[in-house]
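Trainee:
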Amino acid sequence: ETGVTQSPTHLIKTRGQQVTLRCSSQSGHNTVSWYQQALGQGPQFIFQYYREEENGRGNFPPRFSGLQFPNYSSELNVNALELDDSALYLCASRAGTQNTEAFFGQGTRLTVV
Amino acid sequence: AQSVTQLGSHVSVSEGALVLLRCNYSSSVPPYLFWYVQYPNQGLQLLLKYTSAATLVKGINGFEAEFKKSETSFHLTKPSAHMSDAAEYFCAVTTNNAGNMLTFGGGTRLMVKP
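Line by line, the protein sequences are chains A and B. First residue of the first sequence: 15, per the working numbering; consecutive thereafter. First residue of the second sequence: 21, per the working numbering; consecutive thereafter.
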């Protein structure tokens, strides 16, 4: 059984650019959530996908968008990058929406310059 | 709405001493509570969880936490700290009403002195 994997592990982007982060969920998990963790802070919920539909969103602007694919892997897209978007982006997967236990990937460290 | 407050952004203990990391939550419905650990440049690893069964929850690496509804607390303890326990610890809350989306506290950095 493979765990949650994220790619890339690190990347650097310029302000105004667009970025796509990827997440492969754990085997058997059909719910994927994305979190943003700024330096020195706790993770903040961005949004959640269940069976390819967004079913929850945190307080993030529309330039943060996502997708979930039929194999339950997921993408996080951020347009018009700002310096404050620099953070560790964490993906978590669960089996269903009622299962409380989420398993996290190692994260993608995004630096916007 | 739900929220978590972790008292003390930094806690320092000596190796072998008691570890106590504090977490208070706010929730209008019965909560599910979690403690996660994060080592440098890594993701989050689940230490333990409370999901309305036993109020004293035992987790991995010798950690445990007690759910106290009257105090709205879920403090994390370990009888004897090891150097390998040095990390960032996050308390999180969720509810069925929230679709089990996690709300995290700001984290507590645990330092263990030899």
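Ideal Cβ placement from N, Cα and C applies to all residues, glycine included.
(1) Which parts of the stretch 76-113 of chain B are runs of the alpha helix (DSSP H), unbroken and 4 residues or longer, counting only runs that do not cross its ends?
(2) What in chain B is Cβ-close to A:N69, meaning under 7 Å?
(3) Under 7 Å Cβ-Cβ, which residues of chain B neighbour A:A116?
(4) Taking 8 Å as the CB-CB cut-off, is A:P57 touching chain B?
(5) Judging by CA-CA distance, which residue of A:D98, A:N85, A:L97 and A:L81 is the nearest neighbour of A:N91?
(6) Under 8 Å, CB to CB, which of the residues in the stretch 67-82 of chain B have a partner in chain A?
(7) List, in order along the chain, the chain B residues whose C-beta lies closer than 8 Å to that of A:G119?
(8) Chain B beta carbons: is any one of them nearer than 8 Å to that of A:Q32?
(9) Closer than 7 Å by C-beta to A:G110: which residues in its own chain qualify, once you throw out the five before and the five after it? Chain order, please.
(10) Give the secondary structure of B:N61 by DSSP, where H, G and I count as helix, E and B as strand, and everything else as coil.
(11) What does a CB cutoff of less than 7 Å around A:G17 pick up in its chain, not counting 5 residues either side in sequence?
(12) At a Cβ cut of 9 Å, what residues of the stretch 86-99 of chain B count as close to chain A, listed as they run along the chain?
(13) Pull the bridge partners of A:A116 from the DSSP assignment, please.
(14) Let's see if you can read the secondary structure: which residues bound the beta strand (DSSP E) around A:F78?
(15) Counting only beta-carbon separations shorter than 8 Å, does B:G125 have a partner in chain A?
(16) Nearest to A:S88 by CA position, among A:E66, A:G72 and A:F78, is which residue?
(17) Check whether the stretch 86-93 of chain B and the stretch 40-49 of chain B touch, using three or more Cβ-Cβ pairs below 8 Å as the test.
(18) What does A:L104 reach in chain B if we use C-beta pairs closer than 7 Å?
(19) When we look at the beta-carbon of B:T114 and count the other beta-carbons within 10 Å, is it buried (16 or more) or exposed?
(20) Leaving out five residues before and five after A:A94 in sequence, what residues of the same chain have Cβ atoms less than 7 Å from its Cβ?
Mentor: This is what the structure holds:
(1) DSSP runs (the alpha helix (DSSP H)) wholly in the stretch 76-113 of chain B: none.
(2) Listed along chain B are G119, each with a C-beta nearer than 7 Å to that of A:N69.
(3) Neighbours of A:A116 in chain B, taken as residues whose beta carbon is under 7 Å from its own, are L122 in chain order.
(4) At a cut-off of 8 Å between beta carbons, A:P57 contacts chain B.
(5) Nearest of A:D98, A:N85, A:L97 and A:L81 to A:N91, Cα basis: A:L81.
(6) If the cut-off is 8 Å between Cβ atoms, the stretch 67-82 of chain B has K69 and T71 near chain A.
(7) Ordered by position in chain B, the residues that pass the 8 Å Cβ test against A:G119 are G63.
(8) No, because no Cβ of chain B sits closer than 8 Å to the Cβ of A:Q32.
(9) Beyond the five residues adjoining it in sequence on each side, A:G110 comes within less than 7 Å, by CB distance, of N44 and T45 in the same chain, given in chain order.
(10) If DSSP states are grouped into helix, strand and coil, B:N61 belongs with coil.
(11) Correct list, in chain order: Q40 and F117.
(12) Within the stretch 86-99 of chain B, contact with chain A at the beta-carbon level (separation under 9 Å) is assigned to no residue.
(13) The bridge partners DSSP lists for A:A116 come to none.
(14) Counting along the chain, the beta strand (DSSP E) containing A:F78 begins and ends at F78 to Q82.
(15) Under the Cβ distance rule, B:G125 counts among the residues neighbouring chain A, one pair being separated by less than 8 Å.
(16) Ranking A:E66, A:G72 and A:F78 by Cα distance to A:S88 puts A:E66 first.
(17) Touching, per the Cβ criterion.
(18) Close to A:L104, with beta-carbon spacing below 7 Å, are these residues of chain B in chain order: G63 and L64.
(19) B:T114 is buried by the Cβ-count criterion.
(20) So the qualifying residues of the chain are G30 and R77.
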